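**Q**
Residue numbers (the working numbering): 857 to 1030.
(1) How far does the beta strand (DSSP E) with residue 1001 in it extend, from its first residue to its last?
(2) Am I right that residue 976 and residue 982 are in contact with their C-beta atoms under 8 Å? What's the rounded C-beta distance?
(3) What residues in its chain sit with their C-beta under 7 Å from that of residue 999, if we drop five residues either side in the sequence?
(4) Please report the distance separating the alpha-carbon of residue 931 from that of residue 961.
(5) DSSP three-state label for residue 960, please.
(6) Just checking: is the beta-carbon of residue 1024 within a distance shorter than 9 Å of some beta-carbon in chain B?
(7) Taking buried to mean at least 16 other C-beta atoms within 10 Å of its own C-beta, is residue 974 buried or exposed?
(8) Taking 7 Å as the limit between beta carbons, can you name the residues of its chain near residue 865, skipping five residues before and five after?
(9) Determine the direct distance from the alpha carbon of residue 978 to that of residue 1027, and round the result to whole angstroms.
(10) Going by Cα to Cα distance, which pick from 938, 949, 875 and 918 is closest to residue 996?
(11) Exposed or buried, which one is residue 861 when buried takes at least 16 other CB atoms within 10 Å?
(12) Would the region 949 to 959 and the region 916 to 933 be scored as touching if the rule is three or more Cβ pairs under 8 Å?
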């Protein structure tokens, strides 16, 4: 594990094959899998799950119980609310058509990219193959099934544009 001056709570499970940036804080019961890269000054709340190969830029904040599965990249300054989920397979199954248990090679990973400064609200679900633009705001509970433009505010299921946000996170008046 690569780390310089990071705080890792004793109950956290951080793989020795993960990279953790300087000043990062990884709290109670968080799990960071092998090959994950956690940027400088990131904060991972209680019970956060970071899957293998996930990349977090610098100064990201991932709140309690969020799950980020492989194939996801968060650029610098991304906020992820509690219980948000980033999925990575549009056609999930436990078994193959012949009844055998699926292995890692059987999954069709769909990448997710969240651009600089964007926010994903509490309980939101982001499906694979989606890009969320810079400074966009995904409302709590939204289900993101398609790309979100930079500065857009999206809400609902499926998430639809409901307005536009400035870099401070507040809605722009039109």
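Even glycine gets a Cβ: it sits at the ideal position worked out from N, Cα and C. Quick caveat: nothing in here was measured; it's all calculated off a predicted structure.
**A** Looking at the atomic coordinates:
(1) No beta strand (DSSP E) holds residue 1001; DSSP gives it neither H nor E.
(2) 6 Å
(3) 981, 1013, 1014 and 1015
(4) 27 Å
(5) helix
(6) The displayed structure is made up of one protein chain only, and chain B is not part of it.
(7) buried
(8) 882, 883 and 884
(9) 18 Å
(10) With distances taken between Cα atoms, residue 996 lies closest to 938.
(11) Exposed, since its Cβ has fewer than 16 Cβ neighbours within 10 Å.
(12) no
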